[in-house]
Amino acid sequence: MQIATWNVNSLSVRLPQVLDWLRTNPVEALGLQELKLVDEKFPHAAFEELGYHAVSFGQKTYNGVAWISRAPLQDVVRNIPGHDDTQARVIAGTLPTAAGPLRLVNGYFVNGQAPGSDKFAYKMAWLEALQAWLREQLAQWRRLALVGDFNIAPEDRDSFDPVGLAGSIHHTDEERAHFRGLLGLGLHDAFRLFEQPDKTFSWWDYRMLGFQKNRGLRIDHILVSDALKDGVQACQVDRAPRKNPQPSDHAPVVATLAG
DNA sequence: ATGACGCTCTTAGAGCGA
Numbered sequence: 065m066q067i068a069t070w071n072v073n074s075l076s077v078r079l080p081q082v083l084d085w086l087r088t089n090p091v092e093a094l095g096l097q098e099l100k101l102v103d104e105k106f107p108h109a110a111f112e113e114l115g116y117h118a119v120s121f122g123q124k125t126y127n128g129v130a131w132i133s134r135a136p137l138q139d140v141v142r143n144i145p146g147h148d149d150t151q152a153r154v155i156a157g158t159l160p161t162a163a164g165p166l167r168l169v170n171g172y173f174v175n176g177q178a179p180g181s182d183k184f185a186y187k188m189a190w191l192e193a194l195q196a197w198l199r200e201q202l203a204q205w206r207r208l209a210l211v212g213d214f215n216i217a218p219e220d221r222d223s224f225d226p227v228g229l230a231g232s233i234h235h236t237d238e239e240r241a242h243f244r245g246l247l248g249l250g251l252h253d254a255f256r257l258f259e260q261p262d263k264t265f266s267w268w269d270y271r272m273l274g275f276q277k278n279r280g281l282r283i284d285h286i287l288v289s290d291a292l293k294d295g296v297q298a299c300q301v302d303r304a305p306r307k308n309p310q311p312s313d314h315a316p317v318v319a320t321l322a323g
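Each number in our numbering corresponds to the 1-based position in the first sequence with 64 added.
Below, the structure is given as structure tokens:
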């Protein structure tokens with residue numbers, strides 16, 4: 065079975081592309097970020113026509129996350145419990161599978177703008193709260209996947225310009241320490257379980273022909289728990305939708321799991 | 001480089017993303 069993550073940068077604008085992608089990539093579950101849509105406007109009918117269920121957690125103008133899944137998710141949680149937040153950034157639920165329940169956590173991690181800014185401080189606090197909550201989630205659900213737009217390039221090889229961008233947003237030691245903290249909980253970057261082509265990225269700036277020049281970052285990730293690790297069969301970035309007219313600036317990331 | 005490009009809210013220009 066396959067699970068995927070995709071920052072669509074407005075579901076209203078990208079809906080036809082998401083539906084097209086699901087027709088050719090009929091994954092079991094797809095985590096979406098940056099819906100920029102209130103829940104009342106979530107296009108449930110369009111996904112139901114394709115045989116999918118959806119749970120959304122949106123807000124006006126910014127942020128917003130959703131899970132699209134073949135089977136309805138159970139025990140759905142919106143945002144990090146106990147962490148006061150005005151921004152809709154997390155949705156989690158449990159997918160029943162033949163191998164047992166699969167906990168699916170989808171996050172639109174904070175961007176953080178620049179080190180030293182208020183937004184960066186918010187990012188650090190948010191990452192702290194996420195890690196504490198995930199520790200609990202992992203204790204409760206052995207089979208867990210954390211997917212989303214992490215807004216962290218975990219290592220130098222995940223950036224088109226690690227020297228020029230050293231210390232800037234997505235590249236700071238503080239952000240990378242938080243990413244390693246997640247790995248320390250017993251999570252594994254599915255993409256790095258396999259040999260991958262150099263300079264594989266999941267986001268490219270709209271400006272300056274970023275995609276054409278492959279000036280990108282790998283900031284969209286799928287992390288899997290210890291119990292899932294050995295069953296991961298593949299993990300890839302699907303660059304194809306980034307070539308669409310009027311694309312999202314992010315490409316989907318897909319992981320193939322046993323079962 | 002206070003840039004670029006795209007989306008939202010609102011209807012000309014600001015805020016934000018990454």
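By construction, the Cβ of each residue, glycine as well, lies at the ideal position given by its N, Cα and C atoms.
Alpha-carbon spacing of ALA254 relative to TRP190, whole angstroms: Annotation: ALA254 to TRP190 spans about 23 Å, alpha carbon to alpha carbon.
Could you give the DSSP three-state label for THR69: helix, strand or coil? Of the three classes helix, strand and coil, the one that applies to THR69 here is strand, per DSSP.
Mind checking whether the beta-carbon of SER312 lies closer than 7 Å to any heavy atom of the ligand FMN? Judged by which ligands are present, the structure shown has none, so any question about the ligand FMN falls away.
Am I right that VAL174 and ALA156 are in contact with their C-beta atoms under 8 Å? What's the rounded C-beta distance? VAL174 to ALA156, Cβ: 17 Å. No contact.
Contact the region 220-230 vs the region 242-249: 3+ CB pairs below 8 Å: Output reads no: the region 242-249 does not touch the region 220-230.
Between which two residues does the alpha helix (DSSP H) holding SER76 run? Looking at the DSSP string, the run of the alpha helix (DSSP H) that includes SER76 is 75-88.
Beta-carbon separation of PHE111 and ALA152 under 8 Å? No, these two residues do not count as a Cβ contact at 8 Å.
Three-state secondary structure (DSSP) of GLN204: Note: GLN204 maps to helix in three-state DSSP.
Go through the region 85-126 residue by residue and report every complete run of the alpha helix (DSSP H) that reaches 4 residues or more, in order. Every alpha helix (DSSP H) of 4 residues or more that sits fully in the region 85-126 is shown, in chain order, as 108-113.
In whole angstroms, what separates the C-alpha of VAL72 from that of TYR172? Distance between VAL72 and TYR172, taken at the CA atoms: about 11 Å.
DSSP beta-bridge partners for VAL288? Note: VAL288 sits in a beta bridge opposite ALA209 and HIS252.
Start-end ranges of the beta strand (DSSP E) lying completely within the region 121-187, minimum 3 residues: Counting whole runs of 3 or more residues, the region 121-187 contains the beta strand (DSSP E) stretches 129-133, 138-142, 154-159 and 166-172.
Can you tell me whether GLN310 is helix, strand or coil according to DSSP? Secondary structure at GLN310: coil, using DSSP grouped into helix, strand and coil.
Taking Cβ to Cβ, would you say GLN123 is nearer than 8 Å to VAL102? GLN123 places its beta carbon less than 8 Å from that of VAL102.
Could you tell me the alpha carbon to alpha carbon distance between THR150 and TYR186, rounded to whole angstroms? Cα atoms of THR150 and TYR186: separation of roughly 12 Å, rounded to the nearest angstrom.
Between the Cα of PRO136 and the Cα atoms of LEU168, ALA163, ASN143 and VAL129, which residue gives the shortest distance? Check the Cα spacing between PRO136 and each of LEU168, ALA163, ASN143 and VAL129: the tightest is with LEU168.
Where does GLN195 fall in DSSP's three states? GLN195 falls in the helix class under three-state DSSP.
Just the Cα atoms here: how many angstroms apart are LYS293 and SER74? Rounded to whole angstroms, the gap between the alpha carbons of LYS293 and SER74 is 32 Å.
Classify LYS105 as buried or exposed, calling it buried when 16 or more other Cβ atoms lie within 10 Å of its own Cβ. In the assembly as shown, LYS105 is an exposed residue. Its beta-carbon has fewer than 16 other beta-carbons within 10 Å.
Hey, ILE132 and ALA319: beta-carbon distance below 8 Å or not? Not closer than 8 Å, so no.
Counting only the same chain and skipping the five closest in sequence on each side, list residues whose C-beta sits under 6 Å from that of ARG199. If we look at ARG199 and ignore the five residues flanking it on each side, its Cβ neighbours are LEU249.
Would you call the region 279-295 and the region 260-271 touching, i.e. three or more CB-CB distances under 8 Å? Short answer: they touch.
Mapping the DSSP letters down to three states, classify ALA304 as helix, strand or coil. ALA304: helix per DSSP, three-state reduction.
Assuming the contact rule is C-beta atoms closer than 8 Å, LEU287 and LEU251 should be a hit. Round their C-beta distance to whole Å, please. The pair is a contact, with the Cβ atoms about 4 Å apart (cut-off 8 Å).
Cα-Cα separation, PHE214 to HIS234: In a straight line, the C-alpha of PHE214 is about 9 Å away from that of HIS234.
Using DSSP with H/G/I as helix, E/B as strand and the rest coil, what is GLY295? Correct three-state label for GLY295: coil.
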